[in-house]
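Following this line, the structure appears as structure tokens:
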């Protein structure tokens with residue numbers, strides 16, 4: 025099953041510069057592809073919209089014309105095409121007129137981010153290896169143990185902090201075998217709960233914590 029995991033990133037200055045390059049590259053590819061698709065739609069509305077595979081094919085000549093695009097994780101540029109393709113699908117499928125055509129992205133349109141689907145490697149308790157960024161410091165990586173990363177998004181929050189949001193596949197919890205037995209629960213006064221098999225759960229003892237509170241106050245007040 026899929027789950028979401030979010031980690032704090034601590035990039036160095038070189039990595040910060042690289043991240044801004046990658047944020048800009050995603051925006052650049054979106055706008056270039058959208059401009060082309062708009063012209064295509066304007067010239068002939070009956071033409072089928074380009075699939076994400078055809079858009080990905082156009083990335084090759086685009087990278088030759090604009091070499092700085094090679095500084096991005098290639099999977100992130102492919103996902104830009106996938107998101108753009110889905111936006112056009114939503115536009116064509118909409119019969120209510122509430123879904124407009126995809127819009128161009130400006131620097132202020134979205135918070136800086138990029139999404140990839142390449143391999144992310146755990147390099148230590150506090151380090152990950154991300155494509156094009158290399159080894160980057162992060163919060164504890166133990167939460168990534170035994171998970172399969174499907175997609176990841178690196179983003180810059182308004183607070184100025186960088187985060188890595190991961191869509192991961194984890195093993196579903198094992199189901200316990202049914203015993204066929206039943207048990208009744210009765211809420212008591214002296215006890216919090218009493219089970220029909222005789223097991224008792226004691227009630228919360230507020231007097232104990234009140235006593236400890238008084239001791240603490242007498243020491244430190």
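Residue numbers (our numbering): 25 to 245. Just so you know, even glycine gets a beta-carbon here, dropped at the ideal spot from N, CA and C.
For the alpha helix (DSSP H) containing residue i, name the first residue and the last one.
i, result
"residue 206", "First-last for residue 206: undefined, no H or E at that position."
Using CA coordinates, which residue listed in the options is at the minimum distance from residue i?
i, options, result
"residue 172", "189, 193, 160", "193"
"residue 82", "95, 106, 71", "106"
"residue 157", "57, 109, 33", "33"
"residue 41", "26, 86, 96", "96"
"residue 176", "169, 189, 164", "189"
"residue 164", "187, 174, 155, 129", "187"
"residue 125", "205, 89, 55, 204", "55"
"residue 154", "129, 113, 210, 178", "178"
"residue 129", "35, 57, 69", "57"
"residue 168", "67, 152, 73", "152"
"residue 46", "120, 100, 220", "100"
"residue 17", "138, 115, 120, 119", "The requested residue 17 is not part of the displayed model; the chain covers only 25 to 245."
"residue 22", "160, 49, 65", "Not covered by the structure: residue 22. The range shown for the chain is 25 to 245."
"residue 64", "131, 26, 112", "112"
"residue 84", "73, 162, 72, 102", "102"
"residue 161", "120, 75, 39", "39"
"residue 147", "166, 131, 90", "166"
In the structure shown, what three-state DSSP assignment does residue i receive?
i, result
"residue 168", "helix"
"residue 48", "helix"
"residue 232", "Residue placement at residue 232 cannot be trusted, given a pLDDT of 48 that sits under 50; what the coordinates show is reported in the next sentence. Here residue 232 sits in helix by DSSP."
"residue 180", "strand"
"residue 157", "coil"
"residue 43", "helix"
To the nearest angstrom, how far is it from the Cα of residue i to the Cα of residue j?
i, j, result
"residue 207", "residue 217", "12 Å"
"residue 43", "residue 181", "13 Å"
"residue 325", "residue 53", "The displayed coordinates of the chain run from 25 to 245. Any statement about residue 325 would go beyond what the structure contains."
"residue 203", "residue 223", "18 Å"
"residue 31", "residue 209", "41 Å"
"residue 62", "residue 201", "57 Å"
"residue 232", "residue 136", "With a pLDDT of 48 at residue 232, under the threshold of 50, the predicted position of this residue should be treated as unreliable, and no value is reported."
"residue 68", "residue 28", "41 Å"
"residue 141", "residue 191", "10 Å"
"residue 149", "residue 159", "12 Å"
"residue 25", "residue 195", "6 Å"
Taking the beta strand (DSSP E) that residue i belongs to, which residues open and close that run?
i, result
"residue 189", "186–193"
"residue 16", "With the chain represented from 25 up to 245, any question about residue 16 goes unanswered, as that position is not in the structure."
"residue 30", "26–34"
> Quick one: complete beta strand (DSSP E) runs, 3+ long, within the segment 57–141?
Replying inline: Taking only runs of at least 3 residues, the beta strand (DSSP E) segments lying wholly in the segment 57–141 are 137–140.
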